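Protein chains: 2
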Amino acid sequence: MPEQTTGASRPTLEAVAARAGVSRATASRVVNGGVGVRAPLVDKVRQAVEELGYVPNHAARTLVTRRSGAVAVIIAEPEFRIFSDPFFEQQVRGISRELTAHDSQLVLLWVEGPGDHDRIARYLGGGHVDGTLAFSLHNDDELPALIARARIPTVFGGRSEAGQRLAVPYVDSDNRGGAREAVRHLVSLGRRHIAHIAGPRDLMAALDRVDGYHDVMMDADPALMSQGDFTEESGARAMAELLDRRPDLDAVFVANDLMASGALRTLRERGVRVPEDVAVVGFDDLASVVRSTDPALTTVHQDIEGTGRLMVKLLMRLLDGTGGPVPASVITPTALVRRASA
Amino acid sequence: MPEQTTGASRPTLEAVAARAGVSRATASRVVNGGVGVRAPLVDKVRQAVEELGYVPNHAARTLVTRRSGAVAVIIAEPEFRIFSDPFFEQQVRGISRELTAHDSQLVLLWVEGPGDHDRIARYLGGGHVDGTLAFSLHNDDELPALIARARIPTVFGGRSEAGQRLAVPYVDSDNRGGAREAVRHLVSLGRRHIAHIAGPRDLMAALDRVDGYHDVMMDADPALMSQGDFTEESGARAMAELLDRRPDLDAVFVANDLMASGALRTLRERGVRVPEDVAVVGFDDLASVVRSTDPALTTVHQDIEGTGRLMVKLLMRLLDGTGGPVPASVITPTALVRRASA
Chain A
1 MPEQTTGASR
11 PTLEAVAARA
21 GVSRATASRV
31 VNGGVGVRAP
41 LVDKVRQAVE
51 ELGYVPNHAA
61 RTLVTRRSGA
71 VAVIIAEPEF
81 RIFSDPFFEQ
91 QVRGISRELT
101 AHDSQLVLLW
111 VEGPGDHDRI
121 ARYLGGGHVD
131 GTLAFSLHND
141 DELPALIARA
151 RIPTVFGGRS
161 EAGQRLAVPY
171 VDSDNRGGAR
181 EAVRHLVSLG
191 RRHIAHIAGP
201 RDLMAALDRV
211 DGYHDVMMDA
221 DPALMSQGDF
231 TEESGARAMA
241 ELLDRRPDLD
251 AVFVANDLMA
261 SGALRTLRER
271 GVRVPEDVAV
281 VGFDDLASVV
291 RSTDPALTTV
301 HQDIEGTGRL
311 MVKLLMRLLD
321 GTGGPVPASV
331 ITPTALVRRA
341 SA
Chain B
1 MPEQTTGASR
11 PTLEAVAARA
21 GVSRATASRV
31 VNGGVGVRAP
41 LVDKVRQAVE
51 ELGYVPNHAA
61 RTLVTRRSGA
71 VAVIIAEPEF
81 RIFSDPFFEQ
91 QVRGISRELT
101 AHDSQLVLLW
111 VEGPGDHDRI
121 ARYLGGGHVD
131 GTLAFSLHND
141 DELPALIARA
151 RIPTVFGGRS
161 EAGQRLAVPY
171 VDSDNRGGAR
181 EAVRHLVSLG
191 RRHIAHIAGP
201 RDLMAALDRV
211 DGYHDVMMDA
221 DPALMSQGDF
231 TEESGARAMA
241 ELLDRRPDLD
251 AVFVANDLMA
261 SGALRTLRER
271 GVRVPEDVAV
281 VGFDDLASVV
291 RSTDPALTTV
301 HQDIEGTGRL
311 MVKLLMRLLD
321 GTGGPVPASV
331 ITPTALVRRA
341 SA
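Chains A and B are the protein sequences, given in the same order. Everything in the first sequence is counted per the UniProt record's numbering, starting at 1 for the first residue and increasing by one. Everything in the second sequence is counted per the UniProt record's numbering, starting at 1 for the first residue and increasing by one.
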């Protein structure tokens with residue numbers, strides 16, 4: 001491959017087209033993948049590209065337009081969580097569909113641990129993506145600051161301490177309001193000893209749901225609070241702890257559906273009837289989970305796919321500079337969905 | 001942001017360091033994310049970057065080194081398949097760990113349909129990744145050719161018609177040998193009417209397993225062959241068809257574990273005992289599937305994570321030009337794992 005030339009002497013696509021004896025449009029198609037161009041023409045253009053040392057890539061274009069046509073989606077969770085929690089699939093699905101509608105290429109990245117941060121920062125600083133969408137950001141994490149420092153248009157999914165400090169726009173569900181509605185529903189059923197299984201302490205979405213619980217259960221016994229990490233297994237464990245501490249509990253609001261599924265398993269194993277003895281409400285309304293629980297799970301619906309789409313729409317406004325100013329945050333409503341478990 | 005300058009007048013990192021009054025190393029760290037640099041120095045370097053119009057990105061660097069530090073992993077399946085089949089998680093896990101060991105950033109792409117091809121070709125042609133790993137490539141698909149046309153180092157996961165035609169190195173399991181061993185095991189148990197539930201007709205891995213089945217069952221009744229698409233649901237349906245056509249069947253070799261799980265469900269619903277009435281063997285040995293089936297699934301183990309790691313190792317040899325010539329293909333062995341279902 002010939003040495004790359006730079007600056008004024010860098011050959012243009014027009015020069016390539018002229019040497020190959022094809023139109024600029026044909027040369028462009030070949031340079032961009034060659035789809036739909038007849039093989040002899042592809043060969044001619046390729047030969048011209050090599051002879052002239054044309055840089056047939058977006059790196060050169062990025063220097064001019066600063067556009068790569070790609071958007072990075074960063075999930076601040078390890079790979080096993082991403083593939084096991086349907087929440088992420090739904091969020092990514094919404095983002096993927098909306099990016100496709102904008103002809104942007106989604107590239108998915110995730111974070112096994114802090115050891116990945118430097119590499120991700122280099123990648124984001126490298127001009128390979130036009131923007132970043134990041135979610136599941138944890139409060140004690142340097143990742144949000146690294147992303148913000150890359151100085152490319154960014155939208156966060158979910159409120160985070162760092163995101164607010166760095167003034168990165170975010171989309172979130174009304175976690176606190178949804179939690180409040182869930183607990184009020186349990187109160188309206190006549191339940192009095194209502195427990196809560198909380199999500200990770202470093203995720204604002206989880207903390208907001210704890211706040212919503214306390215909005216209604218102002219004087220709740222701390223023994224009614226239990227801690228999980230949003231995995232099914234942690235929900236099963238937290239439920240066991242609660243039953244050991246407060247065997248008189250008659251309801252539990254669980255901070256996500258996966259943990260609620262684990263909690264239902266523990267209740268079944270202990271011979272506790274749902275909802276007769278203990279009513280259970282989850283959060284998320286993940287079709288694949290609420291369909292498979294027994295009894296069917298009453299839960300707080302949030303529009304996960306819609307949140308993903310909204311993140312893309314805000315990002316596109318940042319990228320295009322059209323559609324008016326981007327709000328600091330957009331909060332989407334939640335709604336209680338009543339099924340058999342409460 | 002100032003206009004980008006190009007060519008000879010493009011400011012260097014050294015110029016940025018000089019103006020900021022810091023070392024080149026410090027300037028480099030700031031430009032690459034700023035990790036571990038004190039805030040006042042970060043600010044000084046940023047100011048110098050803006051004043052000089054320095055292009056703080058890999059796009060410029062790519063023109064020189066042609067390295068982005070990133071590798072694209074392309075799964076030629078829609079997002080719902082990727083998130084629902086643990087096979088992909090394991091493959092991606094192996095790739096992710098090995099890329100991390102090489103300090104390469106994994107960016108995951110997938111393909112909802114042919115409408116995505118042009119965009120992916122543009123992205124790959126754009127110099128944003130140093131190499132490509134692609135798997136689940138279908139025979140009737142133009143994607144392998146598009147990937148090969150991007151002319152960046154590429155390794156395929158799994159044999160494919162296009163990959164062989166284009167001479168792209170690939171890593172694959174011994175699908176045919178594994179299938180043969182599975183069917184021979186059923187024969188050794190005294191089973192005579194051994195059916196096969198095949199995977200997608202356009203995937204060589206599935207076709208190779210059909211060939212392995214026929215290596216042993218040379219005169220098999222075509223009514224003993226049934227077609228699935230590697231999803232659990234398709235396995236359940238295919239099993240029902242087989243039972244309707246050949247109620248006397250006494251064994252079934254299923255081309256992957258997910259379909260085997262579906263087949264076991266159908267057998268249970270029809271009151272057919274496994275393995276007493278019908279013995280079942282799967283393919284993959286996916287921990288999350290074989291653990292949850294009842295009875296536990298006898299299956300053909302393939303080292304999915306190891307295959308992913310191997311793909312990265314071959315790619316790194318292509319990228320570095322070290323480690324000797326890259327073989328056209330590497331076939332990894334399979335092994336029958338006997339559990340209760342056969």
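All C-beta atoms in this analysis are idealised placements derived from N, C-alpha and C, irrespective of residue type, glycine included. Bear in mind the structure is a predicted one, so any value in this text is a computation, not a measurement.
### Message
Going by DSSP in three states, A:GLN90 sits in which element: helix, strand or coil?
### Response
Within the first sequence, numbered from 1, the residue matching residue 90 of chain A stands at position 90. A:GLN90 falls in the helix class under three-state DSSP.
### Task
Can you check DSSP and say which residues form a bridge with A:SER329?
Mapped onto the first sequence, residue 329 of chain A falls at position 329. A:SER329 pairs with A:TYR170.
### Task
Kindly list the residues whose CB is nearer than 7 angstroms to the CB of A:GLU232, restricted to its own chain and excluding five residues on each side of it in sequence; keep chain order.
Within the first sequence, residue 232 of chain A is the residue found at index 232, counting from 1. Excluding residues within five positions, the ones whose Cβ falls inside 7 angstroms are LEU258, MET259, SER261, GLY262.
### Query
Is A:GLU79 close to chain B, meaning its C-beta is less than 8 angstroms from at least one C-beta of that chain?
Reading the first sequence from its first residue, position 79 is the one you call residue 79 of chain A. So yes, A:GLU79 belongs to the interface.
#### Entry: Beta-carbon proximity check, A:ARG246 vs A:ALA223, cutoff 8 angstroms
In the first sequence, residue 246 of chain A corresponds to position 246, counting from 1. In the first sequence, residue 223 of chain A corresponds to position 223, counting from 1. Taking 8 angstroms as the Cβ cut-off, A:ARG246 and A:ALA223 qualify as a contacting pair.
### Task
Just mark B:GLN91 as buried or exposed, buried being the case when its beta carbon has 16 or more other beta carbons within 10 Å.
As a working mapping, residue 91 of chain B is identified with position 91 in the second sequence. By the 10 Å Cβ count, B:GLN91 comes out buried.
### Query
Under 8 angstroms Cβ-Cβ, which residues of chain A neighbour B:GLY69?
As a working mapping, residue 69 of chain B is identified with position 69 in the second sequence. Per Cβ cutoff of 8 angstroms: ARG119, ARG122, TYR123, GLY126.
### Query
A:LEU96 versus chain B: which residues are under 9 angstroms apart at the beta carbon?
Reading the first sequence from its first residue, position 96 is the one you call residue 96 of chain A. Correcting the residue identity first, residue 96 of chain A is Ser in this sequence and not Leu. Near A:SER96 (Cβ distances below 9 angstroms), the residues of chain B are GLU79, TRP110, GLU112.
### Query
Tell me which same chain residues have a C-beta within less than 8 angstroms of the C-beta of B:PRO153, skipping the five on either side of it?
Counting from one through the second sequence, the residue named residue 153 of chain B turns up at place 153. So the qualifying residues of the chain are ASP130, GLY131, THR132, LEU315, LEU318, LEU319.
### Message
Given this structure, state the Cα-to-Cα distance separating A:VAL281 from A:LEU297, to the nearest angstrom.
### Response
Walking along the first sequence from the start, residue 281 of chain A turns up at place 281. Walking along the first sequence from the start, residue 297 of chain A turns up at place 297. Their Cα atoms are separated by approximately 7 angstroms.
### Query
When the cut-off is 8 angstroms and only beta carbons count, does B:VAL31 lie next to chain A?
One-based indexing of the second sequence puts residue 31 of chain B at position 31. By this cut-off, B:VAL31 is an interface position.
### Same chain only: Cβ atoms within 7 angstroms of A:ALA59, ignoring 5 sequence neighbours per side
In the first sequence, counting from the first residue as 1, residue 59 of chain A sits at position 59. A caution first: A:ALA59 carries a pLDDT of 46, below 50, which makes its placement in the model unreliable, though a value can still be read off. For A:ALA59, where only same-chain residues beyond five positions count, there are no Cβ hits under 7 angstroms.
#### Entry: Backbone secondary structure at B:ILE152 - three-state DSSP
By one-based count along the second sequence, residue 152 of chain B stands at place 152. Coil.
#### Entry: Sequence-distant residues of the same chain with beta carbon closer than 8 angstroms to A:ASP202, five excluded per side
As a first step, residue 202 of chain A must be located in the first sequence, where it is residue number 202. Apart from the 5 residues on each side of it in sequence, A:ASP202 sits with its Cβ closer than 8 angstroms to the Cβ of HIS138, ASN139, ASP140, ASP141 in its chain, given in chain order.
### Query
Should B:VAL216 and B:GLY235 be called a contact, given that it needs their Cβ atoms to be closer than 8 angstroms?
Within the second sequence, the letter at position 216 stands for residue 216 of chain B. Within the second sequence, the letter at position 235 stands for residue 235 of chain B. Result no, Cβ atoms of B:VAL216 and B:GLY235 do not sit closer than 8 angstroms.
### Query
Does any CB atom of chain A fall closer than 8 angstroms to the CB of B:ASP103?
Position 103 of the second sequence, counted from the start, is the residue given in the question as residue 103 of chain B. So yes, B:ASP103 belongs to the interface.
### Task
Spatial neighbours of B:GLN70 within its chain, please: CB distance less than 6 angstroms, with the 5 preceding and 5 following residues excluded, ordered by chain position.
Reading the second sequence from its first residue, position 70 is the one you call residue 70 of chain B. Per the sequence shown, residue 70 of chain B should be read as Ala rather than Gln. Taken in chain order, the residues that qualify are GLN105, VAL107, VAL129.
### Query
Per DSSP, B:SER261 is paired with what?
Reading the second sequence from its first residue, position 261 is the one you call residue 261 of chain B. Bridge partners of B:SER261: none, in fact.
### Query
Leaving out five residues before and five after B:VAL274 in sequence, what residues of the same chain have Cβ atoms less than 7 angstroms from its Cβ?
As a first step, residue 274 of chain B is located in the second sequence; it is residue number 274 there, counting from the start. Closer than 7 angstroms at the Cβ level, and outside the excluded window around B:VAL274, lie LEU264, LEU267, VAL280, PRO295, SER341.
### Message
With a threshold of 7 angstroms on Cβ separation, who are the neighbours of A:SER84 within its own chain once the five nearest residues in sequence on each side are excluded?
### Response
Working through the first sequence from its first residue, we reach residue 84 of chain A at position 84. Correct list: empty, nothing qualifies.
#### Entry: Pairwise C-alpha distance: A:ARG122 and A:GLU51
Within the first sequence, the letter at position 51 stands for residue 51 of chain A. Within the first sequence, the letter at position 122 stands for residue 122 of chain A. A:GLU51 and A:ARG122: Cα-Cα distance of roughly 33 angstroms.
### Query
Taking 8 angstroms as the CB-CB cut-off, is B:ARG317 touching chain A?
In the second sequence, residue 317 of chain B corresponds to position 317, counting from 1. Not closer than 8 angstroms to any Cβ of chain A, the Cβ of B:ARG317 fails to qualify, so no.
### Query
Residues bridged to B:GLN105 by DSSP?
Along the second sequence, read from residue 1 onward, the residue named residue 105 of chain B stands at position 105. Answer is B:ALA70.
### Task
Tell me whether B:ALA251 is buried or exposed, calling it buried when 16 or more other Cβ atoms sit within 10 Å of its Cβ.
Along the second sequence, read from residue 1 onward, the residue named residue 251 of chain B stands at position 251. That one is buried.
### Pairwise C-alpha distance: A:ASP116 and A:TRP110
As a position in the first sequence, residue 110 of chain A is number 110, starting the count at 1. As a position in the first sequence, residue 116 of chain A is number 116, starting the count at 1. Spanning the two alpha carbons is a distance of roughly 9 angstroms.
### Task
Measure from the alpha carbon of B:ALA150 to the alpha carbon of each residue in A:PRO11, A:ALA238, A:VAL42, then state which is nearest.
What you label residue 150 of chain B is simply residue 150 of the second sequence in a count that begins at 1. When only C-alpha atoms are compared, the closest one is A:VAL42.
### Task
Throw me the rounded Cβ distance for the A:GLN302 and A:ASP285 pair, which I believe falls under 8 angstroms.
In the first sequence, counting from the first residue as 1, residue 302 of chain A sits at position 302. In the first sequence, counting from the first residue as 1, residue 285 of chain A sits at position 285. Rounded, the Cβ-Cβ distance is 7 angstroms, consistent with contact.
### Query
Is there at least one Cβ from chain B nearer than 8 angstroms to A:PHE83's Cβ?
The sequence position of residue 83 of chain A within the first sequence is 83, counting from 1. So yes, A:PHE83 belongs to the interface.
### Message
So, at 6 angstroms on beta carbons, what are the nonlocal neighbours of A:MET225 in its own chain, with the 5 sequence-adjacent residues on each side left out?
### Response
As a position in the first sequence, residue 225 of chain A is number 225, starting the count at 1. Answer for A:MET225: HIS196, listed in chain order.
### Query
Who are A:MET225's beta bridge partners in DSSP?
Taking the first residue of the first sequence as position 1, residue 225 of chain A is located at position 225. In DSSP, A:MET225 forms a bridge with A:HIS196.
### Task
Starting from the Cα of A:LEU336, find the closest Cα among A:VAL171, A:GLU181, A:GLY53, A:VAL155 and give me that residue.
As a first step, residue 336 of chain A must be located in the first sequence, where it is residue number 336. Comparing Cα-Cα distances from A:LEU336 to each of A:VAL171, A:GLU181, A:GLY53, A:VAL155, the minimum goes to A:GLU181.
### Task
Quick one: give me the first and last residue of the beta strand (DSSP E) that A:ALA279 is part of.
As a working note, residue 279 of chain A is residue 279 in the first sequence. Per DSSP, A:ALA279 belongs to the beta strand (DSSP E) from 279-284.
### Task
Pick out whichever of A:ARG339, A:MET218, A:GLY321, A:GLY306 has its Cα sitting closest to the Cα of A:LEU158.
Residue mapping note: residue 158 of chain A aligns to position 158 of the first sequence, counting from 1. Correcting the residue identity first, residue 158 of chain A is Gly in this sequence and not Leu. Ranking A:ARG339, A:MET218, A:GLY321, A:GLY306 by Cα distance to A:GLY158 puts A:GLY306 first.
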